[in-house]
Amino acid sequence: MKIIRTKNYDEMSKKAADIVLKKIKTSSFLSLGLATGSTPLGLYKHLIQDYLKSYTSYEYVTTFNLDEYVGLKPHHPDSYHSFMKKHLFHHLDIPTDQTHIPDGIAEDLKSECKRYEKVIQDAGGIDLQILGIGTNGHIGFNEPDTSFHSSTHVVSLADSTRKDNARFFKNPEEVPTHAITVGLKTIFNSKEILLLVSGKNKAPILKQLVEGNINESLPASILKKHNHVTIIADEDALSLLQP
Ligand code: GLP
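The opening residue of the sequence shown carries number 57 in the numbering used here; numbering runs sequentially from there.
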């Protein structure tokens, strides 16, 4: 895993945007894996700024989001469908039918997981996957002890994850208990992965990831087996590691 050290959150976001934009500009077609949460917001802001200034087109980009809460309608303000529209899709020229997010209100959630996995595979997998990391080491919503061989599946969210994400909800009690997430095998099969890490609260998990072993108890540790992972982390996130 290559580590790019940045001074702060904005520099991390700008570096990530530069990598994503270069990829878009040099690919005839790009399958882009996207994440939610606070971490990629700065990256999305830079992509929108670039679009307004340089008109980089997303006509040949297809996106796949990592996850969605079970039980939230796409129009629910706290769904990841709403999040992505508000913070990215709405501002770009990406055709709506090229943006994919699991359906958290599907009647048959197992079939929905199979369908979503197939759409990713039919697109040839993910070319570039953007990731954040949970304070417990989750990527997507793959909580500790998820199998490294997992494909898209339904998860029961860890209490710590529900607490971490309560800040996005008007009523913290409303954080769903389950989600659909792309699996660890699906993420691992991405051709290239960009992990963004920012803030002091992520310093302990980043230290554990960089210095610890590869183990299913730390889902993000699967990334250590991948040969094209770049971590872009700010000084706060790197503060517990040797410079
Ligand atoms: C969320 C998302 C993850 C995200 C992580 C970190 O629950 N499912 O994809 O990377 O937790 O979130 P944040 O960036 O807000 O710290």
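Ideal placement from N, C-alpha and C gives every residue a C-beta, glycine not left out.
Here ASN271 has SER277 as same chain residues with Cβ atoms under 7 Å from its own Cβ, once five neighbours each way along the sequence are excluded.
In this chain, the beta strand (DSSP E) harbouring ASP290 covers 285 to 290. For GLY196, the secondary structure class from DSSP, reduced to helix, strand or coil, is coil. Each of VAL117, LYS109 and SER207 was checked against the Cα of LEU240, and the nearest Cα belongs to SER207. For ASN64, same chain residues with a beta-carbon under 6 Å away, outside a window of 5 residues either side, are ASP290 in chain order. Here the region 153 to 173 lies against the region 226 to 243, with 3 or more beta-carbon pairs under 8 Å apart.
Membership of LEU240 in any beta strand (DSSP E) is not indicated; the residue belongs instead to the alpha helix (DSSP H) covering 240 to 244.
For LYS101 and ILE75, the gap between their C-alpha atoms comes out near 14 Å. About 5 Å separates the Cβ atoms of ILE288 and LEU252, confirming a contact at the 8 Å cut-off. Counting every other CB atom within 10 Å of its CB across the protein chains shown gives GLY190 a total of 16 or more, marking it as buried. In the displayed model, HIS156 falls within a strand according to three-state DSSP.
Using a C-beta cut-off of 8 Å, the region 161 to 173 makes contact with the region 113 to 132, since at least three inter-stretch Cβ pairs fall below that distance. Proximity of the region 141 to 148 to the region 168 to 182 falls short of the contact definition, fewer than three beta-carbon pairs being nearer than 8 Å. Proximity of the beta carbon of ASP123 to the ligand GLP is indicated: a heavy atom of the ligand is located closer than 7 Å. When DSSP assignments are scanned along the region 200 to 282, the uninterrupted stretches of beta strand (DSSP E) that are 3 or more residues long and fall wholly within it turn out to be 209 to 212, 234 to 237 and 248 to 253. In the three-state reduction of the DSSP assignment, ILE59 falls in the strand class. For the ligand GLP, a non-hydrogen atom lies closer than 7 Å to the CB of THR217. Within 7 Å of the C-beta of ILE236 there is not a single heavy atom belonging to the ligand GLP.
Rounded to the nearest angstrom, the Cβ distance from THR119 to ILE150 is 7 Å, consistent with a contact under 8 Å. The Cβ atoms of LYS247 and MET57 do not sit closer than 8 Å to each other. By the neighbour-count definition (other C-beta atoms within 10 Å, threshold 16), PRO228 is an exposed residue.
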